Structures are given as C-alpha cells and as structure tokens.
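Protein chains in written order, with my numbering: chain A, 8 to 224; chain B, 8 to 224.
C-beta: ideal position from N, C-alpha, C; glycine also.
Quick caveat, the model's predicted, so the values are computed rather than measured.
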DNA sequence: CTCCATTTCAAACGACCGTTTGAACTATGC
DNA sequence: GCATAGTTCAAACGGTCGTTTGAAATGGAG
C-alpha cells in the first residue's frame, strides 16, 4: 500500500494543535512547534504567513467537523418538530466531546486544543475562536429560546454561555486535574477519564437540569 | 489625614493582578508590570525573587479574604445543623463573586485575575492556584456529599468541579464577551454586567438545579 | 555626623522570540 | 536535456524576555 506521508503543512497543524493545547498560544514558541514537526522555522511563515495565522488555520481545521455535525443535528431536530431542551443540549455537547474524544489519542489532543483556545487569556485569541464557532450560535440560541418559552432571552443566553464554558473546560481537561497533584478528590478519580461517552452523559444531565429549573425568569 | 502611600511592593502586586488578569501569565512581561507600577525592573526580583514568585504572592493575597470568608460561612453552616445544597453552593459562590466584585474597580480586577489564573493554559500555573484554594476543598466536598446522600462521590466531585469552573469563568468575565465583537447575544447584553449580586443569584440558581437533579447516581 | 541596613537604579547578561532573506533543493512539464 | 514553480534550508535580523550586577540613593539608630 502506498503511504500518503503527511505534508509539512499537515505536520505543522498537528503539532500546533498539541502544543497550543498544552501551553497556550503565548506559552508555545514556533521553534518548539517546528522542531517537533521536523520542519524548518521558516516553514510556518511560508505555509501560513505568521504564528497567528497558523493558529487560525488550526482552529478552523479542528472546528470544521464539530460545526458540521452540530449543523446536521440541528437541521435534523428542527425538521422533526419542536426539539426539547435536552435534545438541543445533546446536539451541542456531544459533537464537542464525542466526535473529538472518540478517536484515540489525537481526538483528545484536538479537544484540549479547542477547549484551551476558546478561553485563552488573550482577548484577541478568544475572538479568533469565537469567529469560528459563531455561525451556528444564533441558531442554537433561537432554538433554545423556543424550547424554553418561560425563560427570558437573557436567561437563555446566560445558560448558553454556561454550557459553552463548561464544555470548553471539560474538553481542555482542566477539570480533570493531574493525578499526583493537590486537586479535587485525589482519593477517587472522577468517572469520566476513561469513557468520554460517560462524561457526555454526565454533562448533559447536569446542564439539562440547570436549563429546565435553574434559569430565572 | 495622612496618606499611607503604597509601597513599591504593593504597587507591584496591584499592577500584577491587573496585567496577569488581562493578558495571562505568559502574555505579560515584567517590564510591562514594572513600568505601569512606576518601579524599576529589578524591583520584582528584589521584593519577590522571580516572576513566578510575584504571581504566587499575588494569588495568595487575592485568595486570602475569599478563603477566610468561605471558611467562616462553612463553620457557621455546619454549626447550625445539616446545610442544604443551596446553602453550601451559596457559601462557595458568593465569596468568590461578591466579596471581590462588590468593591468598585479594583474588585473586578481581582476577580478577573483569580478567574484567569485558575484556568491558565500552563499546568504549572493552575497547580499554583489550586494549592492556594485547596485547604477548604475537601471540607466542601464532604459537606456536599452529606447534603446529597443520593449522589455518588464521583458525581459530587463532578458537580463541584463544574461549580468551580463556572465561577472562575464568570470571575474572569470570559463569559461576558466584548460588546462590539461577534459573540453571544450582542443584540441584548446579559443581565449580569451591572449588578454582581444578580449574577450571583443567577449562578446559584443554575447550580442548585444542576446539583439537585442533574447528578447521576 | 557616622554607620548600616534597606531600597532603588541604570545597565548589561545570555537566551529566546517571531520574522525575513536568499540560496539550495525537489519535482514536474516541456 | 532545460526551464520553472514549489518547497526547504541555514543563517541572520532586530527585539524582547527574565534575571543579575554593582553602585547610588535613602533613612532611621547610635
């Protein structure tokens, strides 16, 4: 069989995903990325133009399948009548956790990358991410509003932001602290580390309860 | 009245809070801090020893009143019998939001600083923060477990981590995106920007519902 | 005033940063 | 074969990074 070897461009994107996800944008140097990708320093500016353009390309590539799947689910739900809050929450959470975690090692890397960038300390980086996930946001907000007519638009937006934030934190694995360090419940490891599906179920249940009964009028 | 002028050490801590909260640890240089604090570059290493030690000192100073208030509330609740989940959640959230937001401009700066550092991209920084908020963590977990006997320890820990994460995100104002940019609900600004008390109420209600009915057995 | 510990200062250290350059290499079409 | 477009390369660019140095300023105690 012929092995379609990864191009330099692809290797740069893969390593960028991993390193940016581990150390953040500011905390990761182009030299660290290019060395790990077995590429020359100048390759970044040749293929992408700048460090930030590399990040933008990596975000776009990582988010594309998630956005596609979310759109597909939303289309499907709305075609079938009035979706419940749980269906909508599931359609948002699961593509973020499963589609990306359910692929062995690389999936976890992509998830951590997305989760970290979404709440990077730099406003510039956060907006860069927001622009990528923006298109479907208003659709979800409108659908949630219809599914929760008793909640005010502000309350729905509040719930949506909480959902978005919690998803990002779980994606980035920031809520599953290091085993050896001083963290939460180091006596018993949380449920979710082995099975991303179980984490998705737990998170959906948590959010459904909060949306159904935790939004102030 | 005599004006006890701020010492260089205090000015450095104040500016560090602000800049680290805005740009993150890696994204903020000591030169930017010392210039804004009208101090010499060498002052950081003289008063603290290193950049990381400056951060550690800032975290400790910022967290001290929050930890004290949380301990006080927990003592009071446990002295009065078996606290409800809502009382426990309130005792955790409110010190984080009010005690720190309800102080004009500087309170918001401190809140953003804490919220950002708690989920900094660098694991090293996150652990530095975790060590500071660790002491009361096990007390809260145990109290929550007693208040929610039907939930498994894993589920309680899961809920606690979600609470901690959501609090940090709201503290850092990462969930109240920039007004002009492409973000959630730029048609109507969320409720919470003007009144931190209202945000606390919304967040507590959200979490109480999630804890009461959203934790899987 | 002298002494001494504390604090501030300008200047420099080596290291690393993102980016650019221009030549060398590679592969494909003619 | 040669020409050509695409890609990779070592090397260097000017800047900024955290940290260190040693001297100058400061200010209370004797």
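Would residue i pass as an interface residue toward chain B - the criterion being a Cβ-Cβ separation below 7 angstroms?
i	result
residue 156(A)	no
residue 120(A)	no
residue 126(A)	yes
residue 103(A)	no
residue 168(A)	yes
residue 140(A)	no
residue 182(A)	yes
residue 216(A)	yes
residue 68(A)	no
residue 131(A)	no
residue 34(A)	yes
residue 31(A)	yes
residue 99(A)	no
residue 220(A)	yes
residue 7(A)	Not covered by the structure: residue 7(A). The range shown for chain A is 8 to 224.
residue 209(A)	yes
residue 55(A)	no
Buried or exposed: where does residue i fall if 16 or more other Cβ atoms within 10 Å of its Cβ makes it buried?
i	result
residue 163(A)	buried
residue 13(B)	exposed
residue 154(B)	buried
residue 66(A)	buried
residue 137(B)	buried
residue 42(A)	exposed
residue 100(B)	buried
residue 113(B)	exposed
residue 131(B)	exposed
residue 50(B)	buried
residue 52(A)	exposed
residue 28(A)	buried
Considering only the beta carbon of each residue, do residue i and residue j sit closer than 7 angstroms?
i	j	result
residue 119(A)	residue 179(A)	yes
residue 218(B)	residue 102(B)	no
residue 22(A)	residue 96(A)	no
residue 31(B)	residue 156(A)	no
residue 143(B)	residue 77(B)	yes
residue 34(A)	residue 33(B)	yes
residue 216(A)	residue 44(B)	no
residue 182(A)	residue 168(B)	yes
Is the Cβ of residue i closer than 7 angstroms to any Cβ of chain A?
i	result
residue 123(B)	yes
residue 223(B)	yes
residue 172(B)	yes
residue 49(B)	no
residue 213(B)	yes
residue 176(B)	yes
residue 188(B)	Residue confidence is low: residue 188(B) scores 45 on pLDDT, short of 50, so the model does not pin down where it sits. Its coordinate-derived value is still stated next. Taking Cβ atoms only, chain A reaches closer than 7 angstroms to residue 188(B), which makes this a yes.
Please go through the same chain and pick out, in chain order, the residues whose beta-carbon is closer than 8 angstroms to the beta-carbon of residue i, but skip the five residues on each side of it.
i	result
residue 135(A)	59, 62, 63, 66 and 124
residue 296(B)	Summary: the structure shown does not reach residue 296(B), with chain B confined to residues 8 through 224, and so no result is reported for it.
residue 224(A)	157, 158, 159 and 162
residue 48(A)	37, 38 and 41
residue 195(A)	For residue 195(A), the pLDDT reaches just 41, beneath the cut-off of 50, and the residue's location in the model is therefore unreliable, although a value from the coordinates is still provided. Excluding positions up to five away in sequence, the list is empty.
Which same chain residues, not among the five before or five after residue i, have their C-beta less than 6 angstroms away from its C-beta?
i	result
residue 222(B)	158, 162 and 166
residue 214(A)	96 and 170
residue 40(B)	22, 23 and 26
residue 193(A)	Only weak support is given to the placement of residue 193(A): the predicted model assigns it a pLDDT of 44, under 50, and the question is left unresolved by the model.
residue 208(B)	none
residue 133(A)	127
If I measure Cβ to Cβ from residue i and keep anything under 7 angstroms in the same chain, skipping five residues before and after, which residues do I get?
i	result
residue 20(A)	64, 65 and 68
residue 98(A)	77, 80, 81 and 84
residue 139(A)	66, 67 and 70
residue 187(A)	Per-residue confidence for residue 187(A) stands at a pLDDT of 43, beneath the threshold of 50, marking its modelled position as unreliable; no derived number is given.
residue 204(B)	105
residue 115(B)	108
Would you check whether the ligand ATP has a heavy atom nearer than 6 angstroms to the C-beta of residue i?
i	result
residue 138(B)	The ligand content of the structure shown is nil, which means the ligand ATP is not present either.
Q.
Any contact between the segment 121 to 137 of chain B and the segment 163 to 179 of chain B? By contact I mean 3 or more CB pairs, one from each, below 8 angstroms.
A. yes
Assess contact between the segment 95 to 113 of chain A and the segment 70 to 77 of chain A, defined as three or more Cβ pairs (one per stretch) separated by less than 8 angstroms. Is contact present? yes
Problem - the segment 81 to 92 of chain A in contact with the segment 146 to 160 of chain A per 3-pair CB rule at 8 angstroms - result: yes
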